[in-house]
Amino acid sequence: MSTDKPPAEPFPQYDWQTRSLSRKPPRYFTDHIAANGALAALPQGPVGFDLEWRPNFFKGQAENRVAVVQLASADTVLLLQISRMREFPSKLKEVLYGHEWIKTGVAIQNDCKKLYRDWSVSVRNCVDLALLARTVDNVRWKGAYTKPIGLARLLETYDMTTLAKGKVQRSNWENFLTKSQQAYAANDAHAAHTIYHHLLEMARVSQPVHIPIYFSFSCVRGALTDPLGLPWVPENPNYDPGPPPPPKERKEKALAQDQQPELTTASLSLPDQMRSVISISVQIPTTSIPNASQHCVDSATCTTPARTSPEP
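Just so you know, the sequence shown maps onto residues 1 to 312 in full-length UniProt numbering.
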């Protein structure tokens, strides 16, 4: 009787429209004036935040500028293709810089820095969801505090859904967005909003009370800062990383010993085999080799030893 466990059922794909009361598609903008109008109606509070840009496929090329900014509330997703706009929307600057909106995402420190490098726009009141998860659910998450946790993994853990990736992630985000690109970008941003609320509920009932500075920051003029404007680094003195892994050197040495094959003549490398032949040949007694000069037919032109009869 087989004792193998059946394969786990795959998680269903996250679909933000099934979570939205309106069931409307994401709102996609390529005009800064229209974008300002939509942003004016964006409710204050937590919003999922993400960026997209056209990838490079050759090593050494500089990154392309941010092309799309995604913002998601519970019932609205805005896809703002700033690369096609005549100017950066003023209302978008206000939302990104304002404390009234909490920008949530995974590993968004680098996104915020890139947005400033590309567009000179600062982002304040940000929450890194991986750091928040390690803070409020430390029993589950071990390892270094700054070790990344992907958005798909957070969804699988707290929402029992997952994200569809595939080729869309590496598509051209500077062209007019296709329906598949819009769906991908909308789900990424809205999933961040969903995970934030899952973790927020855990934070409300967990002990000790968690200080926001452990997982929240601002990015002003490209520098990460705390609420006082001082340099911010991701750290949490209450975080338990768990037992350290075994020393790498000792582990690798033991693994190498376990995998080392028994040394045989057949396993010798070519240079080793040559050395073995040389070692064997020098053990042959020299008396078995006749002195060519003593048995030469003509010592002046001798090239081959002459055959001699055995001594009586």
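Each residue gets a CB set at the ideal place from its N, CA and C atoms; glycine is no exception.
{"Asked": "Where the alpha helix (DSSP H) through residue 399 begins and ends", "Found": "Residue 399 is absent from the model: the chain starts at 1 and stops at 312."}
{"Asked": "First through last residue of the alpha helix (DSSP H) which encompasses Tyr145", "Found": "Element bounds for Tyr145: n/a, residue is neither H nor E."}
{"Asked": "Whole-angstrom distance between Gly143 and Glu174, CA atom to CA atom", "Found": "38 Å"}
{"Asked": "Burial state of Glu52 (16 or more Cβ within 10 Å)", "Found": "buried"}
{"Asked": "Per DSSP, cross-strand counterpart(s) of residue 316", "Found": "It is not possible to answer for residue 316, since the shown part of the chain is limited to 1 through 312."}
{"Asked": "Minimum length 3: unbroken beta strand (DSSP E) runs contained in the stretch 36-72", "Found": "45-53 and 66-72"}
{"Asked": "Cβ-based burial, Val139 [other Cβ within 10 Å; buried from 16]", "Found": "exposed"}
{"Asked": "Integer Cβ distance of Ile108 from Asp128, believed to fall under 8 Å", "Found": "6 Å"}
{"Asked": "Contact between the stretch 56-73 and the stretch 188-207 (3+ Cβ pairs under 8 Å)", "Found": "yes"}
{"Asked": "Beta carbon of Lys96 nearer than 7 Å to that of Val121", "Found": "The sequence given here has Leu at residue 96, not Lys. It is a contact, given that the beta carbons lie within the stated cut-off."}
{"Asked": "Alpha helix (DSSP H) segment containing Leu92, residue limits", "Found": "Ser90 to Tyr97"}
{"Asked": "Distance cut-off 6 Å: Asp188 Cβ against heavy atoms of the ligand GTP", "Found": "What this structure holds is no ligand at all, so the ligand GTP is not there to describe."}
{"Asked": "Alpha-carbon to alpha-carbon, Thr146 and Pro245", "Found": "16 Å"}
{"Asked": "Check whether Gly222 and Lys93 have beta carbons under 7 Å apart", "Found": "no"}
{"Asked": "Selection from Val205, Gln169, Leu199 and Phe176 that minimises the alpha carbon distance to Asp188", "Found": "Gln169"}
{"Asked": "C-alpha distance - Gly48 paired with Val106, whole-angstrom precision", "Found": "10 Å"}
{"Asked": "7 Å Cβ shell around Ser171 - same chain, five flanking residues per side excluded", "Found": "Gln181"}
{"Asked": "Sub-7 Å separation of Asn236 and Thr135 beta-carbons", "Found": "yes"}
{"Asked": "Ala186 versus Ser218, Lys165 and Pro241, residue with shortest Cα-Cα distance", "Found": "Lys165"}
{"Asked": "Cβ-based neighbour list, Ala40, same chain, cut-off 7 Å, excluding 5 preceding and 5 following", "Found": "Lys91"}
{"Asked": "Residues near Phe11 in its chain [Cβ-Cβ closer than 7 Å; skip 5 each side]", "Found": "Glu156, Met160, Thr161 and Thr162"}
{"Asked": "Short Cβ contact (7 Å threshold) for Gln61 with Thr30", "Found": "no"}
{"Asked": "Endpoints, beta strand (DSSP E) assigned at Lys103", "Found": "Trp101 to Gly105"}
{"Asked": "Through-space distance from Met202 to Pro208, alpha-carbon basis", "Found": "12 Å"}
{"Asked": "Rounded straight-line distance, which links the Cα of Ala67 to that of Phe176", "Found": "11 Å"}
{"Asked": "Alpha carbon of His198 to alpha carbon of Gln44, nearest angstrom", "Found": "19 Å"}
{"Asked": "Start and end residues, beta strand (DSSP E) containing Leu78", "Found": "Val77 to Leu80"}
{"Asked": "Beta carbon of Trp232 nearer than 7 Å to that of Phe217", "Found": "yes"}
{"Asked": "Per DSSP, cross-strand counterpart(s) of Phe29", "Found": "Leu80"}
{"Asked": "Straight-line gap, Ala183 to Pro247 (C-alpha atoms, nearest Å)", "Found": "45 Å"}
{"Asked": "Assigned secondary structure, Gln207 (DSSP; H/G/I helix, E/B strand, else coil)", "Found": "coil"}
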